[in-house]
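Residue numbers (our numbering): 93 to 306.
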């Protein structure tokens, strides 16, 4: 039900954007830095081995540092669309006693995401806009396992992917017609196995080739 409501909100935002007064060539590029926090369960990436016989489920890391790049287009002073590519830091973990009290299992996990957000700008002053966003993205997680027991070594890479529905809110400070600072909070409903949902806190900048607003 939550995902249906999110998709309905996304569709409604798109309809409003198409009805807004069009302004040509509102193009900008941006760079964000975010703290990405996952809510995880124990059905995360699983290390499997035949000799020795191991089937060991782990959890995804809860915290990632994630820079992203963005390209956007403003339909009007109130609506726009933004495409992004995001990559994360690599987070390490280590497990002991997986099959034997003397063995170790190391994991290294990162992810990348790419998608589109619809943006709504609610102007408060000449310099500040409140922001609302709704979007969809593809999330791709990769976990590399390294297992060691005495002279036995095993390596394995597990990849999982899924869609995420993204809802965000925040504000933007427009220093002039071309350069802006942005801060946002985003909540993400994820389809990736082992992940329940996620949230992000981000700051970033936008540099426009044409004015951000009319």
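Heads up, the beta-carbon is just placed ideally off N, CA and C, and yes, glycines get one too.
Under 7 Å between C-beta atoms of residue i and residue j
i	j	result
residue 279	residue 291	yes
residue 227	residue 274	no
residue 140	residue 147	yes
residue 152	residue 254	no
residue 219	residue 266	yes
residue 247	residue 238	yes
residue 268	residue 234	no
CB-CB length for residue i against residue j, believed under 8 Å
i	j	result
residue 177	residue 296	Actually they are not in contact, since the Cβ atoms of residue 177 and residue 296 sit about 13 Å apart, beyond 8 Å.
residue 198	residue 184	7 Å
residue 250	residue 158	That belief does not hold up - the Cβ atoms of residue 250 and residue 158 are roughly 20 Å apart, past 8 Å.
residue 208	residue 173	6 Å
residue 212	residue 194	Not a contact, Cβ separation roughly 57 Å.
residue 229	residue 206	6 Å
residue 181	residue 200	So it is not a contact: roughly 11 Å between Cβ atoms.
residue 231	residue 299	Not confirmed; about 27 Å, so no contact.
residue 192	residue 241	6 Å
residue 282	residue 260	Rounded, the Cβ-Cβ distance is 15 Å, inconsistent with contact.
Residue i (DSSP reduced to helix, strand or coil)
i	result
residue 116	Confidence at residue 116 is low in this model, with a pLDDT of 39, below 50, so its placement is unreliable and no value can be given for it.
residue 103	Residue confidence for residue 103 is low, a pLDDT of 43 falling below 50, so the modelled location carries little weight and cannot support an answer.
residue 269	coil
residue 237	strand
residue 95	Note that residue 95 scores 45 on pLDDT, short of 50, meaning its location in the model is unreliable; the coordinates nonetheless yield the value given after this. Helix.
residue 293	strand
residue 111	Its pLDDT being 36, under 50, residue 111 is placed unreliably in this model, and the value from its coordinates should be taken loosely. If DSSP states are grouped into helix, strand and coil, residue 111 belongs with the helices.
residue 298	strand
Boundaries of the beta strand (DSSP E) in which residue i is found, first to last residue
i	result
residue 266	244-266
residue 284	Counting along the chain, residue 284 falls outside any beta strand (DSSP E), and DSSP gives it neither H nor E.
Give, in chain order, every unbroken run of the beta strand (DSSP E) that is at least 3 residues long and sits entirely within the region 134-221.
138-141, 146-149, 155-166, 171-179, 183-188, 196-215
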